[in-house]
Amino acid sequence: MKEEVIGMRIKVVVSIVAILLIALCGSASAEPGIMVEVAPSSQAANAGSTIDYTLKVTNLDTAYSKTIKSVSISVAQGWSYTLDPDIVGQTLPAGGSMETTVHIYVPSTASAGSYNNQATVEVEYEPIPGWSVTETGYSVFITQVKAAVPPWLVQFWKEIMNVSGSVSTGELDASWELVDYSDDEYGFINVSVSEDGKTVTITIENAYPGYEATINLNIVNTGSIVAKIGKIELNKDEALEITYPEVEGEIMDKGQKISVPVKVEVNDLAEENSSYSFSLTFEVRQFNK
Numbered sequence: 020m021k022e023e024v025i026g027m028r029i030k031v032v033v034s035i036v037a038i039l040l041i042a043l044c045g046s047a048s049a050e051p052g053i054m055v056e057v058a059p060s061s062q063a064a065n066a067g068s069t070i071d072y073t074l075k076v077t078n079l080d081t082a083y084s085k086t087i088k089s090v091s092i093s094v095a096q097g098w099s100y101t102l103d104p105d106i107v108g109q110t111l112p113a114g115g116s117m118e119t120t121v122h123i124y125v126p127s128t129a130s131a132g133s134y135n136n137q138a139t140v141e142v143e144y145e146p147i148p149g150w151s152v153t154e155t156g157y158s159v160f161i162t163q164v165k166a167a168v169p170p171w172l173v174q175f176w177k178e179i180m181n182v183s184g185s186v187s188t189g190e191l192d193a194s195w196e197l198v199d200y201s202d203d204e205y206g207f208i209n210v211s212v213s214e215d216g217k218t219v220t221i222t223i224e225n226a227y228p229g230y231e232a233t234i235n236l237n238i239v240n241t242g243s244i245v246a247k248i249g250k251i252e253l254n255k256d257e258a259l260e261i262t263y264p265e266v267e268g269e270i271m272d273k274g275q276k277i278s279v280p281v282k283v284e285v286n287d288l289a290e291e292n293s294s295y296s297f298s299l300t301f302e303v304r305q306f307n308k
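Just so we're aligned, residue 20 is where the sequence shown starts under my numbering, counting upward by one.
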């Protein structure tokens, strides 16, 4: 009789344990699991190119960390992919997330069209020591393929562009031009223009404090297209004070000139009968830049 009672008690305890395990299992499996996202959800790529997506895996369970067992990307036949970094084997903290870049190679033989891809992620965790639970999440994303351009057509297009460029593209150029200058009987001025025409150097011989002079210059559009004057850079000795009008941004038609009168004054830092020089360098740009 006692043995029967003991046996019944054992069965009751086993049944209770089983019920608790089933309840725990049911509770664990009822957790929201993981969320798999791919961004962007759709994008275009040329055949023969590699396109990148961001794969994000989020652990929606705030009670358990989970280990990523596998990551697979279903792509069209002949396509390939890599993950950077490889997140397989990594641990997703409770409530946390992890990202990786999916590089998908679209072969040059791919036909134009819209292709569905699928990212599938499998994780594993132990809600009870010794008892593993596996969860799977997935996300569908799209690659819109543009057909590759045949090499002969690319070369033909380049040749057309070269011919078109030689016809429509003009020469952009401009240069300094000396008009005249004023000095006095004591000091005299020497003006020289660089070979490319962009820099003018002015030297004052026998300068003295208080000496003044005006050098009348032009910037001439010597190219074949409309030009715009860019920044003018001044380099000078400390003994010189240089002033000239602001011409940056001025537009010049072919052959047009912009007047730039330059006033020079020698200050008190100068020594008598000394030579001082300064230079002006300008930039020239296309009128629409």
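Where a beta carbon is used, it is the ideal one built from N, C-alpha and C, also for glycine.
Going by DSSP, Ala138 is part of the beta strand (DSSP E) stretching over Gly132 to Ile147.
Residue pairing by DSSP puts Ser278 in a beta bridge opposite Asn237.
DSSP, reduced to helix, strand and coil, places Lys273 outside both helices and strands of the structure shown, so it counts as coil. When the five nearest sequence neighbours on each side are left out, the beta carbons in the same chain lying within less than 6 Å of the beta carbon of Ala289 are those of Ala226, Pro228 and Ala258, in order along the chain.
Non-local C-beta neighbours of Met117 in its own chain, meaning closer than 7 Å and more than five positions away in sequence, comprise Val76, Ile106, Gln109 and Leu111, ordered along the chain.
Counted as a single uninterrupted DSSP element, the beta strand (DSSP E) harbouring Asn65 occupies residues Ser61 to Asn65. With contacts defined as CB atoms closer than 8 Å, Lys247 and Phe301 fail to qualify as a contacting pair.
Of the candidates Ile92, Thr120 and Gly115, the residue whose Cα lies closest to the Cα of Asp103 is Thr120. Between Ser99 and Ile161, the gap from beta carbon to beta carbon reaches 8 Å or more. For Ser294 against Ile223, the beta-carbon gap comes to about 7 Å, under 8 Å, which counts as contact. The beta carbon of Asn235 is closer than 6 Å to those of Val198, Asp199 and Pro280 in its chain, skipping five residues each way along the sequence. Take Asn240, set aside five residues on each side of it, and the residues of its chain with a beta-carbon closer than 7 Å to its own are Ala193, Ala246, Met271, Asp272, Lys273, Gly274 and Gln275, in chain order. C-alpha of Asn135 to C-alpha of Val152: approximately 29 Å in a straight line. Between the stretch 133-147 and the stretch 84-92 there are three or more C-beta pairs closer than 8 Å, enough to call the two in contact. Distance from the CA of Ile123 to the CA of Asp71, rounded to the nearest whole angstrom, comes to 6 Å. Residue state for Leu299 is assigned as strand, using DSSP reduced to three classes. Take Asn65, set aside five residues on each side of it, and the residues of its chain with a beta-carbon closer than 6 Å to its own are Lys165, in chain order.
Linking Val57 to Ala95 through their CA atoms gives a straight-line distance of about 17 Å.
Around Ser158, the same chain offers Val55, Glu56, Val57 and Ala138 as residues with beta carbons nearer than 6 Å, after the five sequence neighbours per side are excluded. By DSSP's assignment, Asn209 forms a beta bridge with Thr222. Between the alpha carbons of Ala131 and Gly156 lies a gap of roughly 29 Å. The three-state secondary structure of Leu102, taken from DSSP, is strand. Spatial neighbours of Pro126 in its own chain (CB-CB distance under 6 Å, excluding positions within 5 residues in sequence) are listed in chain order as Gly97.
In the same chain as Phe306, and ignoring 5 residues on each side of it, the C-beta atoms closer than 7 Å to its own belong to Val245, Ala246, Lys247 and Ile270, in chain order. The C-alpha of Ala63 is placed about 59 Å away from the C-alpha of Asp256.
For the set Pro148, Asn78, Ile238 and Gly67, the Cα lying nearest the Cα of Asp215 is the one of Ile238. Here the alpha carbon of Ser278 sits roughly 29 Å from the alpha carbon of Asp287.
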